[in-house]
Structures are given as C-alpha cells and as structure tokens.
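Residue numbers (our numbering): 1422 to 1513.
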C-alpha cells in the first residue's frame, strides 16, 4: 500500500474510486482524472493527507463540492475553499 490515497464517495457514502501514490498530489490527480472521465458524479473526496492550497484549487476546478482530509487545514487552503464554496473538513 502506498502512503497517500484519495477516494471518491457518492452522496450516499458509497466509495466509487480510490487511487494511491507516493505523492499526495499525484493521488489526487489520478482521482480527478477518473472523476472527469466518469462524467463528474456528485460526491466528495476523502484524502489521507493534508489539503494544500494547490489541492484545494484542483478540487474546485474539477467541480467537486467537498474535500475531507486527515490534517487540520491551513489558512490559505481554508480561505481558498471558502472563496469558491468548497466544503473543507479536516481532522487531526
């Protein structure tokens, strides 16, 4: 198992896809590629890493409405998410 994973869940909580990689950005890129090819289903992303400013930007650009991650968000990520109506859920 690789150290970083990103999964996509539908609105009912069913996991539709999961991608892993050594880099957290690459894992997200793989998932967002799947999301685009799958017709952009509604749901949310669960990431096993902190949500950087760039990860928030990518998520917003792809039309995903919620990003859940396992580290507390930083100010830049939080402000960017709020600006674009992205729900960010972070936990420690």
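In this text, a Cβ means the ideal position worked out from N, Cα and C, and glycines have one as well. In this text, all values refer to a predicted model and were calculated from it rather than measured experimentally.
Whole-Å CB distance - residue i paired with residue j, under 8 Å assumed
i, j, result
"residue 1455", "residue 1433", "18 Å between Cβ atoms; not a contact."
"residue 1423", "residue 1472", "Not really, about 18 Å apart at Cβ, beyond 8 Å."
Under 8 Å between C-beta atoms of residue i and residue j
i, j, result
"residue 1438", "residue 1449", "no"
"residue 1465", "residue 1485", "yes"
"residue 1507", "residue 1481", "yes"
"residue 1491", "residue 1470", "yes"
"residue 1476", "residue 1446", "yes"
"residue 1457", "residue 1483", "yes"
Given residue i as reference, the closest of the options once Cα atoms are compared
i, options, result
"residue 1474", "1505, 1431, 1429", "1505"
Could I get the ranges of all uninterrupted alpha helix (DSSP H) runs contained in the region 1454-1510, with 4 residues as the minimum, in chain order? 1474-1482, 1496-1504
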